[in-house]
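Novice:
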Amino acid sequence: MKKFYLTTPIYYVNGRPHIGHVYTAIAADVVARSQRARGSDVLFSTGVDENSQKNVEAARGAGKDTQAYVDEMAVLWQETFRTIGLSHDVFIRTTSPQHSTAVKKVISLIESQGDIYLGDYQGKYCLGCEAFVAEKDLVDGLCPDHHTKPQMIKEKNYFFRLSKYRTALQEHFASHPSFLEPASARNKVLDYINNELADISISRQAQAWGIPLPQDPTHAVYVWFDALINYLTVTGYPSDQAKYKRYWPANLHLIGKDIIKFHAAIWPAMLLSAKLPLPERIFAHGFFTINGQKVSKSLGNAIDPLGLLPEYPIDSIRYYLLRDIPFGADGDFSSQRLHDRHNADLANGLGNLLARVLKMVETVAPSLTSSNAPTPSWAAGLQEKVTSAIDTLAFDKALQKIWEVIAQADQLVEKEKPWQHAQGPGQPHAQATLHTLLGALKEIGVALEPLLPGTSQRIKTSLATTPLRKPLEPLFIRHA
Ligand code: MSP
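Per this note's numbering, the sequence shown starts with residue 522, numbered consecutively.
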């Protein structure tokens, strides 16, 4: 059986999940479900990045002990992901002992190559980014993403010889054209590798929170250096070699465009140094804004996905996010667009089609079943089209293909008007039309499985009920 290992970033727990976090996770969920439907042995991981100084500050702000705080937040994130129906196989926490073992092992491999050394560091550190920021990237002295003034830090740090891997990274990019997509991300990272790549500090002196650096426990491992290794920990590395060998390298790391440098330059260099295989593919999606501003905990404008749930089913939120913003591009989150998409495409479009067809079957052809319904020519090949769109992470195209079939089905209903032929000479033809429509709905139900799993399940259940009846509950309730 083919394996497929895919990951989301691990999330800082200094706040509740917002729509931007959930976006990556939903996209990964679609890919995981699509792979499972094809029979792949899927390992889909997500989780939380707990060793960050941001979490320490959030705990302090909440008047809590850091460990108690991250324990609580990890539960909150897990519950949120469960409530929105994510199908991840693993939820990793970086304060777990397994993770610490993996980090120590990777660091020892890197050290054995002579790639770790002690040096002095002086630079400006943005806590929001958990990274040193270059003077040239600041806007009016502030971090452009977090609108905060970075802190000047001068201390003894251990360094990773990142610069040693410039040529190897360049070669890897040249020989693996789809290693990092989309092209905008690739160009940015290549520019960084070609022009800026320098050794990075991988430890923080006198930092009490974090994984102690094995060669000098007075230092904590720099949070990004630890966090990236989570992708290995999930596979059982280093203790479960069989599992590790089965799943590593990852087939896909899904990330946001703000963290491409870490994933596509630093992480591969760490793996090259440790002589471990590189991930196959990294894909960076764009950023949501709300009224033109980055959604962020620090800016206080985040949308809590659970806040939307009482009003919209999760499939409406999935549909809106996946359909309205091409994956890879930036987009603005608009509750008006969510409302319009929900009403037009889901309640009036898909929901109405299912209800109408089943109602007509009930009155015109009550003995019809969907099991032997023929697939009309205009719905043929839908699964393949949807699958290949998902493989290129073009979720909007996958949904478009399905909605093209819905539009064809609507046209057929309007053209043939089967409801007018409950009796009389037109009845056999009306029955045949309805059978074709059932065939189309069956295809739609299957194609929707990875994208809108709850809806797909309800369509399948409705079509499998005998005798066929209009469902009591509409698929989607129209909003005023
Ligand atoms: N902890 C690091 C990742 C470590 S992975 C080894 C981190 N965490 S985060 O919580 O700040 O962000 C996690 C993910 O959410 C990133 O992919 C980020 O790009 C994504 N998003 C955060 N805000 C977002 C938007 N407003 N829009 C889209 N995605 C956003 O970075």
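For every residue, glycine included, the Cβ atom is placed at its ideal position computed from N, Cα and C.
All values reported here derive from a predicted model rather than from experimental measurement.
Could you compute how far the alpha carbon of S898 sits from the alpha carbon of T604?
Specialist: Start at 1 with the first residue of the sequence shown, and residue 898 comes out as number 377. Start at 1 with the first residue of the sequence shown, and residue 604 comes out as number 83. When rounded, the distance between both Cα atoms is 38 Å.
Novice: Determine, using beta-carbon pairs with one atom in the stretch 654–671 and one in the stretch 583–601, whether at least three such pairs fall under 8 Å.
Specialist: Output reads no: the stretch 583–601 does not touch the stretch 654–671.
Novice: List the endpoints of the continuous beta strand (DSSP E) containing L564.
Specialist: Working through the sequence shown from its first residue, we reach residue 564 at position 43. 562–570 is the extent of the beta strand (DSSP E) around L564.
Novice: Would you report the Cα separation of N535 and R581, rounded to the nearest angstrom?
Specialist: Indexing the sequence shown from 1 puts residue 535 at position 14. Indexing the sequence shown from 1 puts residue 581 at position 60. Inter-residue distance for N535 and R581 is about 10 Å (C-alpha atoms, whole angstroms).
Novice: Tell me which same chain residues have a C-beta within less than 6 Å of the C-beta of S633, skipping the five on either side of it?
Specialist: Mapped onto the sequence shown, residue 633 falls at position 112. Contacts found: none.
Novice: By DSSP's criteria, E774 is part of a beta bridge. Which residues make up the other side?
Specialist: For the purposes of this step, residue 774 is taken as residue 253 along the sequence shown, with counting starting at 1. It is worth fixing the name first, because residue 774 is His in this sequence and not Glu. Bridge partners of H774: T528, I803.
Novice: Need the endpoints of the beta strand (DSSP E) that S724 sits in, please.
Specialist: Here residue 724 refers to the residue found at position 203 of the sequence shown. That run of the beta strand (DSSP E) goes 724–726.
Novice: Please classify E970: is it buried, with 16 or more other beta-carbons within 10 angstroms of its beta-carbon, or exposed?
Specialist: Counting from 1 along the sequence shown, the entry for residue 970 is found at position 449. Flag for E970 reads buried.
Novice: Comparing alpha-carbon positions, which option in R858, F680, P738, L843 lies nearest D636?
Specialist: Translated into the one-based positions of the sequence shown, residue 636 becomes position 115. Ranking R858, F680, P738, L843 by Cα distance to D636 puts F680 first.
Novice: Run the CB neighbour count on N893, radius 10 Å, all protein chains shown included, and call it buried at 16 or more, exposed below.
Specialist: On the sequence shown, position 372 is the one that residue 893 refers to. Burial call: exposed.
Novice: Here's a check: name, in chain order, each residue in its chain whose Cβ is nearer than 7 Å to the Cβ of C664, leaving out the five neighbours to either side.
Specialist: As a working note, residue 664 is residue 143 in the sequence shown. If we look at C664 and ignore the five residues flanking it on each side, its Cβ neighbours are C647, G649, C650, V654, P671.
Novice: Consult DSSP for M791 and reduce its assignment to one of helix, strand or coil.
Specialist: Locating residue 791 in the sequence shown gives position 270, counting from the first residue. Three-state DSSP puts M791 in a helix.
Novice: Out of Y526, E656, K645, point me to the one whose CA is closest to S561's CA.
Specialist: As a first step, residue 561 must be located in the sequence shown, where it is residue number 40. Selected option, being the one with the closest Cα: Y526.
Novice: Starting from the C-beta of D917, find all residues in its chain whose C-beta is less than 8 Å away, skip the five residues before and the five after it, and write them out in chain order.
Specialist: In the sequence shown, residue 917 corresponds to position 396, counting from 1. So the qualifying residues of the chain are L843, R844, D845, I846, P847, F848.
Novice: Determine contact between the stretch 832–841 and the stretch 855–868, defined as no fewer than three beta-carbon pairs at a distance below 8 Å.
Specialist: yes
Novice: Quick one: is the Cβ of D845 within less than 6 Å of any heavy atom of ligand 1?
Specialist: For the purposes of this step, residue 845 is identified with residue 324 of the sequence shown, where counting begins at 1. The answer is no for D845.
Novice: Using the three-state DSSP reduction, which class does R614 fall into: helix, strand or coil?
Specialist: Start at 1 with the first residue of the sequence shown, and residue 614 comes out as number 93. DSSP places R614 in strand when its eight states are reduced to three.
Novice: Considering Cα atoms alone, identify which of I780, L799, I628 is closest to N772.
Specialist: Translated into the one-based positions of the sequence shown, residue 772 becomes position 251. Here the closest residue by C-alpha is L799.
Novice: Looking at C-beta atoms only, is the number of pairs between the stretch 874–881 and the stretch 926–935 that lie closer than 8 Å three or more?
Specialist: Taking a contact to require three or more Cβ pairs closer than 8 Å, the stretch 874–881 and the stretch 926–935 qualify as touching.
Novice: Per DSSP, which one or two residues make a beta bridge with P733?
Specialist: Your numbering for residue 733 matches position 212 in the sequence shown. In DSSP, P733 forms a bridge with A741.
Novice: Are the CB atoms of Q736 and E676 within a distance shorter than 7 Å?
Specialist: As a working mapping, residue 676 is identified with position 155 in the sequence shown. As a working mapping, residue 736 is identified with position 215 in the sequence shown. No, these two residues do not count as a Cβ contact at 7 Å.
Novice: Flag Y841 as yes when its Cβ comes closer than 6 Å to any non-hydrogen atom of ligand 1, and as no otherwise.
Specialist: Here residue 841 is taken as the residue at index 320 of the sequence shown, counted from 1. No; taking the cut-off as 6 Å, the Cβ of Y841 has no heavy atom of ligand 1 nearer than that.
Novice: Using the Cβ count rule (16 or more neighbours within 10 Å means buried), how would you classify N467?
Specialist: The structure shown does not extend to residue 467, since the chain is modelled only from 522 to 1001, so the question has no answer here.
Novice: With DSSP as the reference, please indicate the residues paired to F997 in a beta bridge.
Specialist: Taking the sequence shown and counting its residues from 1, one reaches residue 997 at position 476. Paired residues: none, contrary to the question.
Novice: Does the stretch 546–558 come into contact with the stretch 898–911, if we say contact requires no fewer than three beta-carbon pairs (one atom in each stretch) closer than 8 Å?
Specialist: yes
Novice: Kindly list the residues whose CB is nearer than 6 Å to the CB of S573, restricted to its own chain and excluding five residues on each side of it in sequence; keep chain order.
Specialist: By one-based count along the sequence shown, residue 573 stands at place 52. Closer than 6 Å at Cβ, skipping near neighbours: Y533, E651, V744.
Novice: Please report the straight-line C-alpha distance between I750 and F565, rounded to a whole angstrom.
Specialist: Your numbering for residue 750 matches position 229 in the sequence shown. Your numbering for residue 565 matches position 44 in the sequence shown. Approximately 16 Å, taken between the alpha carbons.
Novice: So which of P538, I531, K524 has the shortest CA-CA distance to G821?
Specialist: Within the sequence shown, numbered from 1, the residue matching residue 821 stands at position 300. Nearest option by C-alpha distance: P538.
Novice: Let me know the secondary structure DSSP gives A943 once reduced to three states.
Specialist: Position 422 of the sequence shown holds residue 943. Here A943 sits in coil by DSSP.
Novice: Which first and last residues belong to the alpha helix (DSSP H) in which I927 is found?
Specialist: Along the sequence shown, one-based indexing puts residue 927 at 406. I927 -> alpha helix (DSSP H) spans 916–937.
Novice: Can you list, in chain order, the residues of its chain with a C-beta nearer than 8 Å to that of A719? Leave out the 5 residues immediately preceding and following it.
Specialist: As a working mapping, residue 719 is identified with position 198 in the sequence shown. Excluding positions up to five away in sequence, the list reads L683, S684.
Novice: Relative to the alpha-carbon of Q944, which residue among Q728, A919, I927, V882 has its alpha-carbon at the smallest distance?
Specialist: Sequence index remark: in the sequence shown, residue 944 carries index 423 (1-based). For the residues Q728, A919, I927, V882, the minimum Cα distance to Q944 belongs to V882.
Novice: Taking only runs of the beta strand (DSSP E) that begin and end inside the stretch 644–706, which ones reach a length of at least 3 residues, in chain order?
Specialist: Within the stretch 644–706, the complete beta strand (DSSP E) runs of at least 3 residues are 652–654, 672–681.
Novice: Pick from K922, T982, L607, F700: whose alpha carbon is nearest that of V505?
Specialist: Because residue 505 is not part of the residues shown, which for the chain are 522 to 1001, the question remains open.
Novice: If you count every other CB in all the chains shown that lies within 10 Å of the CB of K796, and 16 or more means buried, which is it?
Specialist: By 1-based counting over the sequence shown, the position of residue 796 is 275. By the 10 Å Cβ count, K796 comes out exposed.
Novice: Identify whether D586 lies in helix, strand or coil by the three-state DSSP scheme.
Specialist: Counted from its first residue, the sequence shown places residue 586 at position 65. DSSP places D586 in coil when its eight states are reduced to three.
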